[in-house]
Each structure stands twice: as C-alpha cells, then as structure tokens.
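Asker: Chain order of the listed sequences is E and A. The first sequence begins at 1429 in my numbering and counts up one residue at a time. The second sequence begins at 78 in my numbering and counts up one residue at a time. Cβ atoms here follow ideal geometry from the backbone N, Cα and C, with glycine treated the same way.
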Amino acid sequence: MNGWAALDLFLQTDPRDVGCAEAMDLLHVYADLVAAGVPAEERYPGIAAHLRACGPCGQDYDGLLAAIAGAAP
Amino acid sequence: MLLRAARREAGRRGPRVQITGPELEDLACQAAGDALLAITQKAGQFRGESRFTTWAYRFVIFEVSAKIGRHFWRHPTRPLDAESWDRLPDRFGFDPAQESEWRDLLAALRRAVDTELTPRQREVFVAVALNDVPPDALAIKLGSNRNAIYKMMFDARRKLRAALVANGYLHDEESRRS
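In structure tokens, the structure reads:
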C-alpha cells in the first residue's frame, strides 16, 4: 500500500461504526461468536466496523480472543 | 485463571510499550486483582449472552489496557503539544523519492487540520495522528474517556477526508464504487 492509499484508509470512516462504548459492551458476545466460528460480522456489522477502525478496541478484542484460546482445553 | 489471563495479556502488550520484568508482573497482578473486584461487583449484571469466562476475561483485558494507558505518561515519547508533521510521510509510507507528488497532499491536509477542525478535534488529532499518543493515554491526560476520544477522531477524520476530496486530492466513495 502506498502513502496515498494508507492516508486515505486512515481518514475513511464507516457510518455503521457503533463507537467504543457499544463495542465494548458487547465485546464478550462478539468474541464468543467468533471463537465458535459463527459469522459475528454479519450479526454485528457495526461492531465489526468499529473493531477494524479503532486501534485500542481492536487490541482489546485481540486480547479477549487470545484469552479464550488460552483457556480452551 | 484471571491472573494467568492478565499475565498473558500484559506479556502480549507490554514489550510494545517498553514494560517488562517485575514491572510487567506487577501490572498483571494489579490488573487481575482489580478485575476480580469488578467481576464480584458486577456479577449480577451477567445476562448469559456469552460464556461466563469470556465475560470475566473482558474485565481482565480492560484492566490491563487501562493500566498500560496510565503507564504511558511515566515515559512519554514526546510532549503532548508537539506537532510532528515531519513524521507523517514515514507514518503513511510515502516514498521520499516521490516527494514532489505527495508534498501538496500533506500541505492540504495540514491546512484542513488548521481550518476544518474545532480546537478540541485539532488537539486530539495532533496527539493521536502526529504524536503517536495512544488514545487511552490521551483520554487520561484530558480527563476524558476512550469513546469520547474516538468520536472526536472519527469526526476529525471525516471532515479532513471531505476537505481533501473537495480539493481533488482524494476520490469520494461514490466515484470509487462507480
């Protein structure tokens, strides 16, 4: 990706994006669906859009998935 | 279980923010303890929408995240009010050999930051986009929260992109799809 595309991507916003508060409220539900192989993005497109765009929430999501995977027998 | 998850999460994130060794272990222990407190206080709010363990792990993740955000200000990488415009080409991967092609774009972006954003949006954009201040750390500094900082950045990004589209530097979404 060149600089123009990277800057463009950084500035793009998705109107479906629900914001941090709603995404964090449902993060455990979303992560459990993903861990179970359910297409969570289809059920919660606004959360998916947010997790793609928000670095801190994306980090929390990755951490929660890692915790779920680490706890799996 | 909580401590193990806190150690794993602290270990995953810590090195990126230069927290290691006993300091990292201390952070993990505190996060696990605070998460246990939060879980105990909020157990009645669990609605069974996910596994209980996933719901509980969420508090561990949030506590590690918050503690790492606070840690940032012990060793800030640059002053909050610095404006590191010269770092933008590197950040977005602009090729120095093609500076004549992107110099005008970045100048237009800088103009838009000065003219399109509110003072608060500008402050947040400069801190996050130019000075690499993590949003959680910025929220602590400004007495705000992650959601408000994100909303400020969201609106700033939307305005800046619209300004660059209006001035012909970027394509709008409709023409991209057609």
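1) Going by the beta-carbon positions, is the gap between Asn222(A) and Ala216(A) smaller than 9 angstroms?
2) Counting C-beta neighbours from all protein chains within 10 Å, is the total for Pro153(A) 16 or more, i.e. buried, or is it exposed?
3) Tell me, please, whether the stretch 1457 to 1476 of chain E touches the stretch 140 to 148 of chain A by the rule of three or more beta-carbon pairs shorter than 8 angstroms.
4) Starting from Ile1475(E) and walking both ways along the alpha helix (DSSP H), at which residues does that stretch end?
5) Return the CA-CA distance between Leu1455(E) and Ala1499(E), expressed in angstroms with no decimal places.
6) Please decide whether Leu114(A) counts as near chain E, where near means a Cβ-Cβ distance under 9 angstroms.
7) Helix, strand or coil for Thr97(A) per DSSP?
8) Helix, strand or coil: which one does DSSP assign to Leu207(A)?
9) Between Val1466(E) and chain B, is any beta-carbon pair separated by less than 9 angstroms?
10) Below 9 angstroms between beta carbons is the criterion; list the residues of the stretch 1476 to 1496 of chain E that meet it against any residue of chain A, in chain order.
11) Does any C-beta atom of chain E lie closer than 9 angstroms to the C-beta of Ile217(A)?
12) Check for me: the alpha helix (DSSP H) holding Pro166(A) runs from which residue to which?
13) Which whole-angstrom value describes the C-beta separation of Asp172(A) and Gly1431(E), a residue pair presumed to lie in contact below a C-beta threshold of 8 angstroms?
14) Specify the secondary structure class of Lys236(A) as computed by DSSP and reduced to three states.
15) Where do the N-terminal and C-terminal ends of the alpha helix (DSSP H) with Phe1438(E) fall, by residue?
16) Chain A partners of Val1457(E), CB-CB under 7 angstroms?
17) Counting only the same chain and skipping the five closest in sequence on each side, list residues whose C-beta sits under 6 angstroms from that of Met78(A).
18) Is the Cβ of Ser255(A) closer than 9 angstroms to any Cβ of chain E?
19) CA-CA distance, Ala184(A) and Arg85(A)?
20) So Ala1437(E) packs on Leu237(A), CB below 8 angstroms; how close in whole Å?
21) Answer yes or no: does any C-beta atom of chain A fall closer than 9 angstroms to that of Gly1474(E)?
Answerer: On the basis of the coordinates in this document:
1) Position 145 of the second sequence, counted from the first residue, corresponds to residue 222(A). Position 139 of the second sequence, counted from the first residue, corresponds to residue 216(A). With contacts defined as CB atoms closer than 9 angstroms, Asn222(A) and Ala216(A) qualify as a contacting pair.
2) For this step, residue 153(A) is matched to residue 76 along the second sequence. Counting the other Cβ atoms within 10 Å of the Cβ of Pro153(A) gives fewer than 16, which makes it exposed.
3) Contact between the stretch 1457 to 1476 of chain E and the stretch 140 to 148 of chain A is absent, because fewer than three Cβ pairs lie under 8 angstroms.
4) Here residue 1475(E) is taken as the residue at index 47 of the first sequence, counted from 1. 1473 to 1481 is the span of the alpha helix (DSSP H), which, as asked, contains Ile1475(E).
5) Against the first sequence, residue 1455(E) aligns to sequence position 27. Against the first sequence, residue 1499(E) aligns to sequence position 71. When rounded, the separation of the alpha-carbon atoms in Leu1455(E) and Ala1499(E) is 17 angstroms.
6) In the second sequence, residue 114(A) corresponds to position 37, counting from 1. Closer than 9 angstroms: no.
7) Numbered from its first residue, the second sequence carries residue 97(A) at position 20. It is coil, neither helix nor strand.
8) For the purposes of this step, residue 207(A) is identified with residue 130 of the second sequence, where counting begins at 1. In this structure, Leu207(A) counts as helix in the three-state DSSP scheme.
9) The question asks about chain B, but that chain is absent: this structure's protein chains are E and A.
10) Using a CB distance below 9 angstroms, the part of the stretch 1476 to 1496 of chain E facing chain A consists of His1478, Ala1481, Cys1482, Gly1483, Pro1484, Cys1485, Gln1487, Asp1488, Tyr1489, Asp1490, Gly1491, Leu1492, Ala1494, Ala1495, Ile1496, ordered along the chain.
11) Taking the first residue of the second sequence as position 1, residue 217(A) is located at position 140. Output row for Ile217(A): interface = no.
12) Taking the second sequence and counting its residues from 1, one reaches residue 166(A) at position 89. Here the alpha helix (DSSP H) through Pro166(A) covers 165 to 169.
13) Taking the second sequence and counting its residues from 1, one reaches residue 172(A) at position 95. Taking the first sequence and counting its residues from 1, one reaches residue 1431(E) at position 3. The beta-carbon separation of Asp172(A) and Gly1431(E), rounded to 7 angstroms, stays under the 8 angstroms limit for a contact.
14) On the second sequence, position 159 is the one that residue 236(A) refers to. Residue state, collapsed to three classes: helix.
15) What you label residue 1438(E) is simply residue 10 of the first sequence in a count that begins at 1. DSSP places Phe1438(E) in the uninterrupted alpha helix (DSSP H) bounded by 1431 to 1439.
16) In the first sequence, counting from the first residue as 1, residue 1457(E) sits at position 29. What Val1457(E) touches in chain A: Glu126, Ser127.
17) Taking the first residue of the second sequence as 1, we reach residue 78(A) at position 1. Excluding sequence neighbours, Met78(A) sits near nothing in its chain.
18) Here the question's residue 255(A) lines up with position 178 in the second sequence. Bear in mind that the predicted position of Ser255(A) carries a pLDDT of just 47, short of 50, making it too unreliable to give a figure here.
19) By 1-based counting over the second sequence, the position of residue 184(A) is 107. By 1-based counting over the second sequence, the position of residue 85(A) is 8. Approximately 43 angstroms between the Cα atoms of the pair.
20) To locate residue 1437(E), count along the first sequence from 1; it is residue 9. To locate residue 237(A), count along the second sequence from 1; it is residue 160. A small fix is needed here, since residue 1437(E) is Leu in this sequence, not Ala. Not quite, the Cβ-Cβ distance comes to about 13 angstroms (not below 8 angstroms), so this is no contact.
21) Within the first sequence, residue 1474(E) is the residue found at index 46, counting from 1. It does not: the Cβ of Gly1474(E) has no partner Cβ on chain A nearer than 9 angstroms.
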